[in-house]
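Participant:
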Amino acid sequence: ADVIGAVAAIIPIGVSIPPMATPVVFNNTVLRDGHQSLAATRMTTAQMLPAAALLDRLGFGGLETWGGATIDACLRFLGENPFDRLRTLKQAAPRTPHIMLLRGQNIVQYTSFPDDVVEAFVHCTARAGCDVLRIFDALNDVRNLTTAIRATKAAGKHARGEICYTTSPVHTLESFVQLGREFQRLGCDSIGIKDMSGVLVPRIAAELVTRLKQVTGLPVVVHTHDTAGFAAATYLAAIDAGADAIETSIVPFANGTSQPDTLRMLALLEGHPRQPTYDRDILLTLRRYFTDVYRDLGKFTSTDNERVDADTLAYQVPGGMLSNFRTQLREQGMSDKFDAVMAEVPVVREALGWIPLVTPTSQIVGTQAMLNVKFGRWKNLSQAAIDIALGKYGRTPGPIDPEVLALAQAKSGQEPMAGRPADVLAPRMAKLRDELRVAGLPTDDEACVLHAMFPREFAALHAAQATPTAPAAPARPERPASPATEPRSGATNPLRKYALTLDGRRTEVTVEEVV
Numbered sequence: 012a013d014v015i016g017a018v019a020a021i022i023p024i025g026v027s028i029p030p031m032a033t034p035v036v037f038n039n040t041v042l043r044d045g046h047q048s049l050a051a052t053r054m055t056t057a058q059m060l061p062a063a064a065l066l067d068r069l070g071f072g073g074l075e076t077w078g079g080a081t082i083d084a085c086l087r088f089l090g091e092n093p094f095d096r097l098r099t100l101k102q103a104a105p106r107t108p109h110i111m112l113l114r115g116q117n118i119v120q121y122t123s124f125p126d127d128v129v130e131a132f133v134h135c136t137a138r139a140g141c142d143v144l145r146i147f148d149a150l151n152d153v154r155n156l157t158t159a160i161r162a163t164k165a166a167g168k169h170a171r172g173e174i175c176y177t178t179s180p181v182h183t184l185e186s187f188v189q190l191g192r193e194f195q196r197l198g199c200d201s202i203g204i205k206d207m208s209g210v211l212v213p214r215i216a217a218e219l220v221t222r223l224k225q226v227t228g229l230p231v232v233v234h235t236h237d238t239a240g241f242a243a244a245t246y247l248a249a250i251d252a253g254a255d256a257i258e259t260s261i262v263p264f265a266n267g268t269s270q271p272d273t274l275r276m277l278a279l280l281e282g283h284p285r286q287p288t289y290d291r292d293i294l295l296t297l298r299r300y301f302t303d304v305y306r307d308l309g310k311f312t313s314t315d316n317e318r319v320d321a322d323t324l325a326y327q328v329p330g331g332m333l334s335n336f337r338t339q340l341r342e343q344g345m346s347d348k349f350d351a352v353m354a355e356v357p358v359v360r361e362a363l364g365w366i367p368l369v370t371p372t373s374q375i376v377g378t379q380a381m382l383n384v385k386f387g388r389w390k391n392l393s394q395a396a397i398d399i400a401l402g403k404y405g406r407t408p409g410p411i412d413p414e415v416l417a418l419a420q421a422k423s424g425q426e427p428m429a430g431r432p433a434d435v436l437a438p439r440m441a442k443l444r445d446e447l448r449v450a451g452l453p454t455d456d457e458a459c460v461l462h463a464m465f466p467r468e469f470a471a472l473h474a475a476q477a478t479p480t481a482p483a484a485p486a487r488p489e490r491p492a493s494p495a496t497e498p499r500s501g502a503t504n505p506l507r508k509y510a511l512t513l514d515g516r517r518t519e520v521t522v523e524e525v526v
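When we follow my numbering, the leftmost residue of the sequence shown carries the number 12, and every step to the right adds one.
Rendered as structure tokens:
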């Protein structure tokens, strides 16, 4: 009785802690964070589609299929309309909730947008098939989250408030719990612990999950990366503490700088009272399929991203940035400077107020670290670093270094701002529609929000889609003489490879045959 009384004293009335026998839910990230973290976000929709129906059949709590860097990559590198990707994947996997990662007031870009643009984007996303929006702010400034959360709820979708987890002298367990309270106050349906750099250690994970559930009563989802090698242990500790869901991927788009592999986590939970059940035969089929896709994306992969690297505990660079950053340094002929740039990252981070490293701040800090290495510390201050110092991204967790603040003020001729950055931004939707109309481009809301974030890339995509191509035979699969068929296992249908010719371009795809 004394024990029961003690427990009741620390759990607020009305808070429901799920019984430990309730199976933990797995969300799967292979179609978003998996390839963003390990293949620079280059997986195409055509490469995703053959796997979509099998993923849908597994019964995951959610499939992360959109958001983050995928929208940028669709437009900039893949020649795809990102909203079309979401619609296509939703049609191919209709039973499982689709999840996106939304950067709050930044949407999926690197700067703040007016409230009307954020609201339009959220409503377009909901209409296109997204069910759960993971909403975060790089500075954990709740003022930058209110519009996106409100719009998500207005669209009838699930708002998951994300805590960007990091370690620094100014980040404490209580500060993260307080952010959870804010999410509850704003009407979020659940809370996500977003450990983008893989630095959340097991014991802290257990404490944070326990406290968030006690204080808010909301479901808690844990998302981490295996960069430092202990993500699986962190998940186990979180599950023991009552986490409602964890997020996993599928090898080879798993482990390393990505999320732990689904089969690996199932094995680690063998005999655990909260072990879920997911069809291992289907998972093995998907592993074989994604192995081929990973090989096809070899230009964008790196063994450095696949290995455990405890250095991340010092520089805290997220997995998605590591994948892209190595590619960018290689393209700029600075591959040999990688270690020097990474060593400079903590210096820049502290100077900019101990900001968490997650898009867009990870890119801002990484770019400034590169400039410091190339030109000398603070000799070349990027515009984005100036904006961070001046408060244009929001309230930083700690104080800005006085030297950097003075440089930012001198270069900009501006004083730091104290209010919510979006409050000084005028509504833009009407203006965006006028700009598109003058340019002869579509003027619907989807076009407006893409134009707001990626004007050149959206115009180029529309021009490419509108350009007539040479007459070609109707697109149809050219069946190879000896199709490669995966053996059927359990409820899994065979996968066959086909060559497709569409608009004069030939590509190979693998599709599931229903037999």
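For each residue, glycine too, the CB sits at the ideal point set by N, CA and C.
The model shown is predicted, which means the values in this text are computed figures rather than measured ones.
Could you give the distance in angstroms between the alpha-carbon of D315 and the alpha-carbon of V304?
Facilitator: Along the sequence shown, read from residue 1 onward, the residue named residue 315 stands at position 304. Along the sequence shown, read from residue 1 onward, the residue named residue 304 stands at position 293. Computed Cα separation, rounded: 19 Å.
Participant: May I have the straight-line CA-CA distance separating K101 from M54, to the nearest angstrom?
Facilitator: In the sequence shown, residue 101 corresponds to position 90, counting from 1. In the sequence shown, residue 54 corresponds to position 43, counting from 1. For K101 and M54, the distance between alpha carbons rounds to 17 Å.
Participant: Going by beta carbon distance, what residues of the same chain come within less than 7 Å of R360, once the five residues before and after it are set aside?
Facilitator: Taking the first residue of the sequence shown as 1, we reach residue 360 at position 349. Excluding positions up to five away in sequence, the list reads I366, L368 and V376.
Participant: Are the Cβ atoms of G72 and N117 separated by less than 8 Å?
Facilitator: Taking the first residue of the sequence shown as position 1, residue 72 is located at position 61. Taking the first residue of the sequence shown as position 1, residue 117 is located at position 106. Cβ distance not < 8 Å, so G72 and N117 don't count as in contact.
Participant: Grouping DSSP H, G and I as helix and E and B as strand, with all else coil, what is A502?
Facilitator: Here residue 502 refers to the residue found at position 491 when the sequence shown is read from its first residue. In this prediction, A502 has a pLDDT of 40, which is less than 50 and means its spatial position is unreliable; what the coordinates show is noted afterwards. Looking at A502 - three-state DSSP - the assignment turns out to be coil, as it is neither helix nor strand.
Participant: Helix, strand or coil: which one does DSSP assign to E91?
Facilitator: Start at 1 with the first residue of the sequence shown, and residue 91 comes out as number 80. DSSP places E91 in coil when its eight states are reduced to three.
Participant: Straight-line CA distance for K390 to N383?
Facilitator: Taking the first residue of the sequence shown as position 1, residue 390 is located at position 379. Taking the first residue of the sequence shown as position 1, residue 383 is located at position 372. Looking at the two C-alpha atoms, the distance is approximately 7 Å.
Participant: Excluding the five sequence neighbours on either side, which residues of its own chain have a C-beta within less than 7 Å of the C-beta of A63, listed in chain order?
Facilitator: Residue mapping note: residue 63 aligns to position 52 of the sequence shown, counting from 1. Excluding residues within five positions, the ones whose Cβ falls inside 7 Å are L100, A103 and A104.
Participant: Spatial neighbours of E317 within its chain, please: CB distance less than 6 Å, with the 5 preceding and 5 following residues excluded, ordered by chain position.
Facilitator: Locating residue 317 in the sequence shown gives position 306, where the first residue counts as 1. Excluding residues within five positions, the ones whose Cβ falls inside 6 Å are G267.
Participant: Does the beta-carbon distance from T6 to E75 come in below 8 Å?
Facilitator: This structure gives no information on residue 6, because the portion of the chain shown stretches from 12 to 526.
Participant: If you drop the 5 nearest sequence neighbours on each side, which residues of the same chain put their C-beta closer than 6 Å to that of R291?
Facilitator: Here residue 291 is taken as the residue at index 280 of the sequence shown, counted from 1. No residues qualify anywhere along the chain.
Participant: What whole-angstrom Cβ distance do A216 and V233 have, given they're in contact under 8 Å?
Facilitator: As a first step, residue 216 must be located in the sequence shown, where it is residue number 205. As a first step, residue 233 must be located in the sequence shown, where it is residue number 222. Right, the Cβ-Cβ distance comes to about 7 Å (below 8 Å), so this counts as a contact.
Participant: With a 10 Å radius around its C-beta and 16 neighbouring C-beta atoms as the bar for buried, classify A486 as buried or exposed.
Facilitator: Within the sequence shown, residue 486 is the residue found at index 475, counting from 1. Note that A486 scores a pLDDT of 36, beneath 50, so its modelled location is shaky; the value from the coordinates is reported in the next line. Result: exposed.
Participant: In this structure, how does DSSP classify K422 when only helix, strand and coil are distinguished?
Facilitator: The residue you call residue 422 lines up with position 411 of the sequence shown. Of the three classes helix, strand and coil, the one that applies to K422 here is helix, per DSSP.
Participant: Between the C-alpha atoms of F194 and G172, what's the straight-line distance to the nearest angstrom?
Facilitator: Counting from 1 along the sequence shown, the entry for residue 194 is found at position 183. Counting from 1 along the sequence shown, the entry for residue 172 is found at position 161. Answer to the nearest angstrom: the Cα atoms are 6 Å apart.
Participant: Measuring CB atoms only, is the segment 201-220 touching the segment 115-131, in the sense that at least three cross pairs come out at less than 8 Å?
Facilitator: At 8 Å Cβ cutoff, the stretches do not touch.
Participant: Between L112 and P61, what straight-line distance do the alpha-carbon atoms span, to the nearest angstrom?
Facilitator: Stepping through the sequence shown from its first residue, residue 112 is reached at position 101. Stepping through the sequence shown from its first residue, residue 61 is reached at position 50. When rounded, the distance between both Cα atoms is 23 Å.
Participant: For M111, which beta-bridge partners are listed by DSSP?
Facilitator: The residue given as residue 111 occupies position 100 in the sequence shown. Paired residue(s): W77 and L144.
Participant: So, for G240: in the same chain, excluding its five sequence neighbours on each side, which residues have a beta-carbon less than 6 Å away from its beta-carbon?
Facilitator: The residue labelled residue 240 in the question sits at position 229 within the sequence shown. Result list for G240: V319, in chain order.
Participant: With C-beta atoms as the reference, is Y121 less than 8 Å away from Q339?
Facilitator: Position 110 of the sequence shown, counted from the start, is the residue given in the question as residue 121. Position 328 of the sequence shown, counted from the start, is the residue given in the question as residue 339. It is not a contact, given that the beta carbons lie outside the stated cut-off.
Participant: State the Cα-Cα distance for the pair R337 and T238, rounded to the nearest angstrom.
Facilitator: By one-based count along the sequence shown, residue 337 stands at place 326. By one-based count along the sequence shown, residue 238 stands at place 227. Between R337 and T238, the C-alpha separation is close to 15 Å.
Participant: Does the Cβ-Cβ distance between A131 and K168 come in under 8 Å?
Facilitator: Within the sequence shown, the letter at position 120 stands for residue 131. Within the sequence shown, the letter at position 157 stands for residue 168. Contact flag unset, no.
Participant: What's the C-alpha gap between F88 and R467?
Facilitator: Residue mapping note: residue 88 aligns to position 77 of the sequence shown, counting from 1. Residue mapping note: residue 467 aligns to position 456 of the sequence shown, counting from 1. Each residue's Cα considered, the two are about 12 Å apart.
Participant: CB-CB under 6 Å to R106, same chain, minus the five flanking residues each way: which ones, in chain order?
Facilitator: As a first step, residue 106 must be located in the sequence shown, where it is residue number 95. Excluding sequence neighbours, R106 sits near D67.
Participant: Below 8 Å on the Cβ atoms is my contact criterion, and I expect P213 with A244 to pass it. Report the Cβ-Cβ distance as a whole number of Å.
Facilitator: As a working note, residue 213 is residue 202 in the sequence shown. As a working note, residue 244 is residue 233 in the sequence shown. That pair is a contact at about 5 Å.
Participant: Just the Cα atoms here: how many angstroms apart are V231 and I250?
Facilitator: In the sequence shown, counting from the first residue as 1, residue 231 sits at position 220. In the sequence shown, counting from the first residue as 1, residue 250 sits at position 239. Straight-line Cα distance between these residues: approximately 10 Å.
Participant: Can you name, in chain order, every residue of its own chain whose Cβ lies under 7 Å from the Cβ of F311, other than the five neighbours on each side?
Facilitator: Within the sequence shown, numbered from 1, the residue matching residue 311 stands at position 300. A50, A51, R53 and T338, listed in sequence order.
Participant: Answer with buried or exposed for K403, where buried requires no fewer than 16 other C-beta atoms within 10 angstroms of its C-beta.
Facilitator: Taking the sequence shown and counting its residues from 1, one reaches residue 403 at position 392. It is buried - the Cβ of K403 has at least 16 other Cβ atoms within 10 Å.
Participant: For P108, which of T81, V143 and H46 has the nearest alpha-carbon?
Facilitator: Taking the first residue of the sequence shown as position 1, residue 108 is located at position 97. The option with the nearest alpha carbon to P108 is V143.
Participant: How long is the line joining the alpha carbons of S500 and T273, rounded to whole angstroms?
Facilitator: Within the sequence shown, the letter at position 489 stands for residue 500. Within the sequence shown, the letter at position 262 stands for residue 273. For S500, the pLDDT reaches just 34, beneath the cut-off of 50, and the residue's location in the model is therefore unreliable, leaving the point undetermined.
Participant: Under DSSP, the beta strand (DSSP E) around I174 begins and ends at which residues?
Facilitator: Here residue 174 refers to the residue found at position 163 when the sequence shown is read from its first residue. I174 -> beta strand (DSSP E) spans H169 to C175.
Participant: Take L447 and list the residues in its own chain whose beta-carbon comes closer than 8 Å to its own, dropping the five residues that flank it on each side.
Facilitator: By one-based count along the sequence shown, residue 447 stands at place 436. Only P453, T454, A458, C459 and H462 meet the Cβ criterion.
Participant: In terms of residue numbering, what span does the beta strand (DSSP E) encompassing E258 cover?
Facilitator: Counting from one through the sequence shown, the residue named residue 258 turns up at place 247. Here the beta strand (DSSP E) through E258 covers A256 to T259.
Participant: In whole angstroms, what separates the C-alpha of G253 from that of D434?
Facilitator: Locating residue 253 in the sequence shown gives position 242, counting from the first residue. Locating residue 434 in the sequence shown gives position 423, counting from the first residue. Their backbone Cα atoms lie some 39 Å apart in a straight line.
Participant: Which whole runs of the alpha helix (DSSP H) in the segment 345-416 are 4 residues long or more, in chain order?
Facilitator: With a minimum length of 4 residues, the continuous alpha helix (DSSP H) runs that stay inside the segment 345-416 are 349-362, 372-386 and 394-400.
Participant: Per DSSP, what are the beta-bridge partners of I204 in this structure?
Facilitator: Looking up residue 204 in the sequence shown gives position 193. For I204, which the question treats as bridged, DSSP gives the partners I174 and V233.
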